[in-house]
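Numbering of the sequence shown is given in my numbering, commencing with residue 15 and proceeding in unit increments.
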Amino acid sequence: MSVVRARGVASLRPVGAVLIAFFLRAAACRDYDPQYPGGGAGEKSAGDGGARDHGGAGARGGAQDMVGGTANEPPNPQPDGGDGGFASAGGAEAGGASAGGEDASAGAGGEGDTPTVGLEPGAFDNLALWLEASDSSCSLGADNRVSWCRDLSGKGNHAFQSDPLLKPKYGAALVNGRPALTFDGEPSVMIVADHASLQFGSDEFMYLVVARWRNEAEPSAAYGGYGSLLAKVEAASPYRGVALLANYPAVFPDLPALRRFAVQLEASGGLVLSYSNYLNDDAFRVYAARRVGERLEMRINGEVQAATQIAIELDVSAKGQALWIGGPKGQQLRGDIAEIIALKGAIGEVGLDRLESHLLRKFGL
């Protein structure tokens, strides 16, 4: 028993270190002072050919606050409606249900539905965030660097980056002929301002990320051996929130990181590691984190990888903190992200199967 307890304690030690390091490095990243884009010359989008002025919101504690309501809206991109293109909120893939319909809303799971028939994110009425790497939903500037990507959920949770040193790069035809954003900087980061729709509290939620990474496992003085796919966590201990990590640091900082997918909710617990190893192989997968009552579950390509029990009252809202896509310096993601989806509230098993089936087919996984 002592061996088991020792392993349990050791496995939790890096959690706090990861979250503390995140905020220390995020603070250093703030020296770049990322702001909402001001419509740089030469930037383009399908909406109106250029980025608008977004109202001068400042960075506070690593988060960008939305100012002026709709004044912060990027141009409205028009989907092309082609095969596999995105649907507007409430739309659904052929064979799917519309928003609010059976199997589409929170708690979806109606009998008689076919799990293998895909269902687009826009069909879920508890959709909180939907970011898609697309030249019709993202603003492309010099060298295809991305200033913002429009949230297709209708919640206004757009992702921004105005500093040219921090912008990810748009890459065409990276996965099944579809684009993705390449996080190749040291670091590259997109910021989504805090919003009530991203404050999950102690309720059920789910993140899905279509991504690949190539982060080396060997740590250095300037790099922890892992990267952050996304994170929205508190700035003070016990650092509650949600973080999805590419690799996970070893117990001792001089050892190579574990090349696994990790999900963590707080420094004192709520850690899940994938049983699949060597995931820094530059291969795209659908990574998911899901909370169902006292259960924290991680999934890869539609299959449960691992789960753990958490306190049912654990609040992961991280109010006042932005959602970071790609990590700060030291936790920089070296990889590509094609799509990010967040659901606030329950999702039934059939709805989950259909959403994952849609993503797996869309990206040829």
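No residue lacks a Cβ here, since even glycine has one placed at the ideal position from N, Cα and C.
Check whether A356 and F377 have beta carbons under 8 Å apart: no
How is P193 classed by DSSP in three states: helix, strand or coil? strand
Is it true that the segment 301 to 311 meets the segment 161 to 170, where meeting means three or more beta-carbon pairs spaced less than 8 Å apart? no
Does DSSP classify G136 as helix, strand or coil? helix
My understanding is that L279 touches I354, with C-beta atoms under 8 Å, so please give their C-beta distance in whole angstroms. Wrong, their Cβ atoms sit about 18 Å apart, outside the cutoff.
Residue interval of the alpha helix (DSSP H) (run including S151): It is not in any alpha helix (DSSP H) - S151 carries neither H nor E in the DSSP assignment.
Using three-state DSSP, classify S211 as helix, strand or coil. helix
In the DSSP assignment, the beta strand (DSSP E) including D367 goes from what residue to what residue? Where D367 is concerned, there is no enclosing beta strand (DSSP E), although the alpha helix (DSSP H) it sits in stretches over 363 to 376.
Close beta carbons around A320, own chain, < 7 Å, minus the five adjacent residues each side: V286, L287, S288, Y289, M312
I'd like the span of the beta strand (DSSP E) that includes R313, first residue to last. 309 to 314
Taking the beta strand (DSSP E) that V318 belongs to, which residues open and close that run? 317 to 323
Please report the residue range of the beta strand (DSSP E) in which K358 lies. 349 to 358
Sort A235, L259, V189, L141 by Cα distance to G348 and report the nearest one. For the record, residue 348 in the displayed sequence is Arg; it is not Gly. The candidate whose alpha carbon is nearest that of R348 is L259.
Just to confirm, are L180 and G155 a CB contact at a threshold of 8 Å? no
Should S251 and G341 be called a contact, given that it needs their Cβ atoms to be closer than 8 Å? no
Can you tell me whether N229 is helix, strand or coil according to DSSP? coil
Assigned secondary structure, N158 (DSSP; H/G/I helix, E/B strand, else coil): helix
For the pair the segment 174 to 188 and the segment 151 to 166, tell me if three or more CB-CB distances fall below 8 Å. yes
Taking the beta carbon of G136 as the centre, do at least 16 other beta carbons fall within 10 Å, making it buried, or is it exposed? buried
Limits of the unbroken beta strand (DSSP E) element including G380: Past the edges of the chain, shown from 15 to 379, lies residue 380, and the structure says nothing about it.
Proximal residues to Y292 (C-beta, below 8 Å), its chain only, five neighbours per side dropped: R273
Taking G215 and A332 to be in contact with their CB atoms under 8 Å, please state how far apart those CB atoms are, rounded to whole angstroms. Not confirmed; about 10 Å, so no contact.
Tell me the rounded alpha-carbon separation between A142 and K358. 6 Å
Within a Cβ cutoff of 7 Å, which residues of the same chain sit near R228, ignoring the five residues on either side of it in sequence? N294, D296, R348, G349
Is it true that the CB of W144 sits closer than 8 Å to the CB of C152? no
Across which residues does DSSP place S242 in a beta bridge pair? L259
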